[in-house]
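Trainee: Just passing along the structure, written as structure tokens.
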Amino acid sequence: MEPRIIEKLKSLVTSEVLLECPLSKYTSFGIGGPADALVLVQNITELTEILKLLHVYSVQWLVIGKGTNLLVHDEGYQGVALMLEGDFKSVTIAEDESGIMVSAGAGYGFSRLSGFCMENGLTGLEFAAGIPGTVGGAARMNAGAWGGQISDCIENIEVVTLFGRKIIKKEQLEF
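Heads up: the sequence shown begins at 4 in my numbering, then just goes up one per residue.
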């Protein structure tokens, strides 16, 4: 990757940009060569700006989550690997007249979310206990086990694009 792109990337984030970073450290199988860069993204603003930059320079990117469903070639990845940290690892619970809503960031552990719901007396995610990975990865793959799947539990998702945030309702999703 060109040095000017790397410098611009570094200026967009609060965390360190790791160059030629071995992805083996970030996959559950412990395999994979280096990515051109690895960025620990802290919030939606950083992610939006990173996506804009990578789009302008036609740089490939991927989100690696916990790396539990990821095989990386020994030759590595030509592009930027993004790990969702900070705000993406949060969970909130709210109650209104329509019921209780749990919101979890894409970087939050899926099995951990199941435990959070259990601790708060909420049902519906019992099937997720023990499923590795993140909420974002689970939503992307419609993770499930024991007769349950995440598509049974989602009301909507918030995605980040080059243009900012967008809410997609369950009915619009193609699981």
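Cβ atoms here follow ideal geometry from the backbone N, Cα and C, with glycine treated the same way.
Grab me the residues of residue 106's own chain with a C-beta within less than 6 Å of its C-beta, minus the 5 sequence neighbours each way, in chain order.
Mentor: Taking the sequence shown and counting its residues from 1, one reaches residue 106 at position 103. Taken in chain order, the residues that qualify are 95.
Trainee: Is residue 110 close to chain B? Criterion is C-beta to C-beta, closer than 8 Å.
Mentor: Absent from the structure is chain B; it holds one protein chain and no more.
Trainee: When we look at the beta-carbon of residue 37 and count the other beta-carbons within 10 Å, is it buried (16 or more) or exposed?
Mentor: Indexing the sequence shown from 1 puts residue 37 at position 34. Buried: at least 16 other Cβ atoms inside 10 Å.
Trainee: For residue 167, which residues in the same chain have their Cβ closer than 7 Å to its Cβ, ignoring the five residues on either side in sequence?
Mentor: Within the sequence shown, the letter at position 164 stands for residue 167. If we look at residue 167 and ignore the five residues flanking it on each side, its Cβ neighbours are 51.
Trainee: Give the straight-line distance between the Cα atoms of residue 101 and residue 53, rounded to the nearest whole angstrom.
Mentor: For this step, residue 101 is matched to residue 98 along the sequence shown. For this step, residue 53 is matched to residue 50 along the sequence shown. So the two alpha carbons sit approximately 36 Å from each other.
Trainee: Considering Cα atoms alone, identify which of 81, 104 and 146 is closest to residue 158.
Mentor: Here residue 158 refers to the residue found at position 155 when the sequence shown is read from its first residue. Of the candidates 81, 104 and 146, the one whose C-alpha sits nearest the C-alpha of residue 158 is 104.
Trainee: Just grab the DSSP bridge partners of residue 138 for me.
Mentor: In the sequence shown, the residue the question calls residue 138 occupies position 135. Partner(s): none; residue 138 has no beta bridge.
Trainee: Hey, out of 66, 80 and 45, whose CA is closest to residue 93's CA?
Mentor: Walking along the sequence shown from the start, residue 93 turns up at place 90. Nearest of 66, 80 and 45 to residue 93, Cα basis: 45.
Trainee: Between which two residues does the beta strand (DSSP E) holding residue 78 run?
Mentor: Counted from its first residue, the sequence shown places residue 78 at position 75. Careful: residue 78 lies outside any beta strand (DSSP E) and carries neither H nor E.
Trainee: Could you give the DSSP three-state label for residue 131: helix, strand or coil?
Mentor: Residue numbering aside, residue 131 sits at position 128 when the sequence shown is read from its first letter. Here residue 131 sits in helix by DSSP.
Trainee: From the DSSP secondary-structure annotation, give me the bridge partner or partners of residue 172.
Mentor: For the purposes of this step, residue 172 is identified with residue 169 of the sequence shown, where counting begins at 1. Paired residue(s): 159.
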